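Under the UniProt record's numbering, read the sequence shown as residues 1 to 385, first letter to last. All C-beta atoms in this analysis are idealised placements derived from N, C-alpha and C, irrespective of residue type, glycine included. All figures in this text were calculated on a predicted structure; none of them were measured in a lab. What follows is a short report on a single structure.
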Amino acid sequence: MPCPSKLQAFSDELLPFPERDTYIVFSIDLVATVESLNDPELTLCCQLMASKKYVALVTDCPGWMLSHTAYRQLRLHLLAPGPPQDLPEKFHESSMSVPVAPSTLPHPLGRVPLPPSHPLPWADCYHSFSAVVTVRARRAWTTAPAPWNYDQTECSLYRGMLQIDRARSQAAREAHAAGLPRLPPAPQHIIQETKDWGFDRDPFVAPDFPRQIFYRCQFPGVPQGELIEKMYERAHPGESPCACDACLDESRNSSAEDVASGPDLDSAQAFLGLLLTEPAEDPSSLPIINVSYDLRDVPVVNDPSEFFMELELLTQLQRMSKQRASAAGGRDEMLADDSKAVKKTAIPNLISRAQFRLTKSFRRIKRRGESVLRRIFHMLPLSCL
Numbered sequence: 001m002p003c004p005s006k007l008q009a010f011s012d013e014l015l016p017f018p019e020r021d022t023y024i025v026f027s028i029d030l031v032a033t034v035e036s037l038n039d040p041e042l043t044l045c046c047q048l049m050a051s052k053k054y055v056a057l058v059t060d061c062p063g064w065m066l067s068h069t070a071y072r073q074l075r076l077h078l079l080a081p082g083p084p085q086d087l088p089e090k091f092h093e094s095s096m097s098v099p100v101a102p103s104t105l106p107h108p109l110g111r112v113p114l115p116p117s118h119p120l121p122w123a124d125c126y127h128s129f130s131a132v133v134t135v136r137a138r139r140a141w142t143t144a145p146a147p148w149n150y151d152q153t154e155c156s157l158y159r160g161m162l163q164i165d166r167a168r169s170q171a172a173r174e175a176h177a178a179g180l181p182r183l184p185p186a187p188q189h190i191i192q193e194t195k196d197w198g199f200d201r202d203p204f205v206a207p208d209f210p211r212q213i214f215y216r217c218q219f220p221g222v223p224q225g226e227l228i229e230k231m232y233e234r235a236h237p238g239e240s241p242c243a244c245d246a247c248l249d250e251s252r253n254s255s256a257e258d259v260a261s262g263p264d265l266d267s268a269q270a271f272l273g274l275l276l277t278e279p280a281e282d283p284s285s286l287p288i289i290n291v292s293y294d295l296r297d298v299p300v301v302n303d304p305s306e307f308f309m310e311l312e313l314l315t316q317l318q319r320m321s322k323q324r325a326s327a328a329g330g331r332d333e334m335l336a337d338d339s340k341a342v343k344k345t346a347i348p349n350l351i352s353r354a355q356f357r358l359t360k361s362f363r364r365i366k367r368r369g370e371s372v373l374r375r376i377f378h379m380l381p382l383s384c385l
């Protein structure tokens, strides 16, 4: 049994994976996404497909306190390779973008690149308000903070720029619908942060990555009791038992489940249950993703448009599967209705026909029997009469 004090400290250090306002590498888990449809053909098709890896910023975790679910929702803002392009058909200008450090390209509005906790492994990347998606990820815990993240000041600035870009795009759309010319951005729409962010560290310092990620999709709820012990043993393989007096006394007086009970959220969830509700979007319709903190696993940043193409293809495959299931269900229903009709009409007709044939056969047998008896009667000698 692990040292109770170390076990408790380990439990207190657990962090949800991934955390909010952190950068991740993700790919769509195609097989897991379609598993609930129970379609072998679709599953085989997804096994033959491969999803690319994309980079995104986790900006929100809807329903994160609902720990009884196997998956948690994540709101992702995908990172795109620069430079940004004008998309007039979507009322999206190249200036509607948020650059991320390191950046060598000047922004059309003079926006200073946002600095994450460490410079990204790639240069000239940016965020756009249109590259946003909600997904599902398996509930997991880690013992190390995210290597690339933002603090509250940078997050507030980032969300403010996205909100302004979204409003500018909507105004351009409305002006086009009304036949009005598109106006240049007003001065208040240009966010120019005068602070020189800079970096109080080397141009690039490889952060420390978590040694172990603990996936708990098969263990609903908060980590408690024996699950904490399993996590600790995975993080500290081969650790010799603790023989200190304090641990021995502690182990005599209390069980590991009592000491390492993990964060007690039962009372908090009971209180917050009145405030928290399930996310409005149907969770089962959201794609499931595989997540990693290691941005160095991606040599280049893939364009978010490729992700949305993958998502559209997956949606079409799911729609086709549901249509096949619906058609099969309709055929089964028709067969069931036909079966009921047979029971109501065909079977009684068969019974009546059988009864008629039996009656007719019985009469035929009766007549033949009477004829045979008459012949026998006429063949008998008179002395027998």
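Excluding sequence positions up to five before and after Cys61, its CB lies within less than 8 Å of the CB of Pro16, Arg20, Arg72, Gln73, Leu74 and Arg75, all in the same chain and listed in chain order.
In the DSSP assignment, Cys125 is bridged to Pro81 and Val100. Secondary-structure assignment with DSSP links Phe26 through a beta bridge to Tyr54 and Val291.
According to the DSSP assignment, Pro62 belongs to no beta strand (DSSP E), since it is labelled neither H nor E.
His176 counts as exposed, since fewer than 16 other C-beta atoms from the protein chains shown sit within 10 angstroms of its C-beta. Restricting attention to Leu313, Val300 and Lys53, the CA atom closest to the CA of Trp122 is found in Val300. Rounded to whole angstroms, the gap between the alpha carbons of Arg168 and Glu174 is 10 Å.
Of Asp12, Leu44 and Arg166, the smallest CA-CA separation from Lys90 is found for Arg166. Straight through space, the alpha carbons of His107 and Leu30 are spaced by roughly 37 Å. Apart from the 5 residues on each side of it in sequence, Leu162 sits with its Cβ closer than 6 Å to the Cβ of Phe129 in its chain, given in chain order. Counting of Cβ neighbours within 10 angstroms places Ser285 among the exposed residues, the total staying below 16. Secondary structure at Arg111: coil, using DSSP grouped into helix, strand and coil. If the five residues before and after His92 are omitted, its C-beta is found closer than 8 Å to the C-beta atoms of Asp86, Ser128, Ser130 and Ser169, all from its own chain and listed in chain order. Comparing alpha carbon positions, the residue from Lys53, His118, Arg136 and Pro115 closest to Val34 is Arg136. At a Cβ-Cβ threshold of 7 Å, Ala101 and Pro119 count as neighbours.
Between Ser321 and Asp39, the CB-CB gap stays under 7 Å.
Taking 7 Å as the cut-off, the beta carbon of Phe307 is found no closer than this to the beta carbon of Tyr126. Following the DSSP letters along the chain, one finds Pro4 in no beta strand (DSSP E) but inside the alpha helix (DSSP H) bounded by residues Pro4 to Glu13. Pairing Val132 with His77 gives a Cβ-Cβ distance under 7 Å.
Check the Cα spacing between Gln47 and each of Trp141, Ala328, Ala325 and Leu317: the tightest is with Leu317.
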